[in-house]
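The structure under discussion appears below in the form of structure tokens.
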Amino acid sequence: MNQRKKKMNLWDQLAFEYDPDSPTKRLWTKPNLWVDLFERGLGDCRRILDVGCGAGFPGIALTKKFQVIGLDLSEKMLTIASKRARDSGAKIILTRADSHAMPFKDNLFDGAYCKFALWPLRDPKTAIREMVRVVRPGGKILIVEVDRKGRGTDYQSPLRVRIFYLIYRIFKKCIFKRPDTKKIWKELLKITDKNPVVNLDLIEETLKDCGCRVVHVERDLKKMTYTAFGKLMSSGHENYFLCTSIKSGG
307 MNQRKKKMNL
317 WDQLAFEYDP
327 DSPTKRLWTK
337 PNLWVDLFER
347 GLGDCRRILD
357 VGCGAGFPGI
367 ALTKKFQVIG
377 LDLSEKMLTI
387 ASKRARDSGA
397 KIILTRADSH
407 AMPFKDNLFD
417 GAYCKFALWP
427 LRDPKTAIRE
437 MVRVVRPGGK
447 ILIVEVDRKG
457 RGTDYQSPLR
467 VRIFYLIYRI
477 FKKCIFKRPD
487 TKKIWKELLK
497 ITDKNPVVNL
507 DLIEETLKDC
517 GCRVVHVERD
527 LKKMTYTAFG
537 KLMSSGHENY
547 FLCTSIKSGG
């Protein structure tokens with residue numbers, strides 16, 4: 307199995323963790339706050355692209371205000387997203403494609419966003435350029451990522467966090483009947499370890515090189531969007547941000 311197929315297989319195994327209806331998801335994060343952030347950031351956009359849409363969050367929720375097209379390479383993620391959209395009556399177009407080479411015409415969308423979907427890529431700058439290409443002049447590009455100073459394999463959680471995480475893994479397996487994904491995540495981080503380090507500097511630089519104007523950076527999203535449990539479990543982790551930019555020419 308080549309590296310690309312191996313990575314997709316790992317993402318497929320993790321897809322259930324990204325399910326919008328996952329019982330463990332709300333332990334970590336506040337979904338409504340994420341939806342509000344993107345609604346405000348996208349403003350009066352009509353047709354928007356969700357790059358790395360995963361299992362459908364927040365894309366499905368955003369269909370109440372926007373026409374959403376979701377793009378992802380994981381077949382299992384898209385299967386879950388499609389089911390959740392049907393269950394909720396949401397109208398969303400889902401496309402299986404590589405964000406390095408998006409199958410869309412230039413200037414097609416009013417806006418595009420990407421939530422934690424650049425770091426696994428071998429060439430995140432190309433994906434950002436593709437986002438800019440498919441957005442019309444004057445359209446918006448929103449990117450959420452961790453402001454990384456190093457690679458994921460370099461990080462070591464504090465002891466108390468590791469203890470709480472062990473308890474959480476046992477709780478998740480016994481109460482929610484969910485498989486343990488620690489080994490899968492470890493393998494995924496190993497496969498992506500040679501990828502460029504994605505952080506705010508890389509994203510701002512690439513957007514500006516594409517002729518975009520960065521209009522706002524929200525730097526403290528972890529504090530805003532995590533629950534008390536999520537804050538405890540991510541203690542010591544680097545913060546993450548929302549970078550909002552406008553494509554020139556509008």
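Per this note's numbering, the sequence shown runs over residues 307 to 556.
The C-beta atom is built at its ideal place from N, Cα and C for all residues, glycine as well.
Note that the coordinates shown come from a computational prediction; the quantities given were computed from them, not determined experimentally.
Terminal residues of the alpha helix (DSSP H) in which residue i lies
i    : result
T512 : L506 to D515
P430 : P430 to V440
L527 : L527 to T531
D318 : Q309 to L320
D416 : Unbroken run through D416 is the beta strand (DSSP E), F415 to K421; no alpha helix (DSSP H).
F547 : From DSSP, F547 is part of no alpha helix (DSSP H) but of the beta strand (DSSP E) over Y546 to K553.
L377 : L377 -> not in any alpha helix (DSSP H); beta strand (DSSP E) instead, spanning Q373 to D378.
S539 : First, the amino acid is wrong: residue 539 is Met here, not Ser. Run containing M539: A534 to M539, per the alpha helix (DSSP H) assignment.
K500 : Taken as a continuous stretch (DSSP letters only), K500 belongs to no alpha helix (DSSP H), as it is neither H nor E.
CA nearest to the CA of residue i, picked from the options
i    : options                   : result
E524 : A423, W340 and R310       : W340
K492 : R310, L320 and K311       : L320
L508 : M530, A407 and D429       : D429
S328 : Q309, A361, R310 and N338 : A361
F322 : Q309, K389, N338 and P337 : K389
M408 : A387, D325, G456 and A433 : A433
R454 : K553, K489 and V503       : V503
R519 : W317, P337 and K553       : K553
G456 : P364, Q309, H543 and M539 : H543
G555 : G517, K311, N308 and D342 : G517
T385 : T330, P326 and F410       : P326
S551 : K528, S540, Y324 and G444 : G444
D318 : P364, K537, L538 and L494 : L494
L316 : L538, K529, K488 and M539 : K488
Short Cβ contact (8 Å threshold) for residue i with residue j
i    : j    : result
F422 : E451 : yes
M314 : L379 : yes
L448 : F344 : yes
T498 : K431 : no
F547 : L506 : yes
L333 : T533 : yes
V374 : D356 : yes
S405 : G358 : yes
A418 : I354 : yes
R435 : D416 : no
K446 : C351 : yes
L427 : N501 : yes
V440 : D486 : no
A403 : T369 : no
D515 : N545 : no
K336 : T531 : yes
D540 : K528 : Note that residue 540 corresponds to Ser in the displayed sequence, not to Asp. Against a cut-off of 8 Å, the Cβ pair of K528 and S540 comes out as a contact.
Span of the beta strand (DSSP E) around residue i
i    : result
G395 : From DSSP, G395 is part of no beta strand (DSSP E); its letter is neither H nor E.
A367 : From DSSP, A367 is part of no beta strand (DSSP E) but of the alpha helix (DSSP H) over G365 to L368.
L427 : Where L427 is concerned, there is no enclosing beta strand (DSSP E), given that its DSSP letter is neither H nor E.
V522 : Correcting the residue identity first, residue 522 is His in this sequence and not Val. Note, H522: beta strand (DSSP E), C518 to E524.
D412 : Per DSSP, D412 belongs to no beta strand (DSSP E) and is neither H nor E.
D356 : R353 to V357
Proximity test, residue i beta-carbon vs the ligand NAD heavy atom, cut-off 7 Å
i    : result
G555 : Of the ligands one can find in the structure shown there are none, so the ligand NAD has no counterpart to examine.
* If you scan the stretch 322–350 from start to end, which runs of the alpha helix (DSSP H) of 4 or more residues do you find wholly inside it? -> With a minimum length of 4 residues, the continuous alpha helix (DSSP H) runs that stay inside the stretch 322–350 are 331–334 and 337–348.
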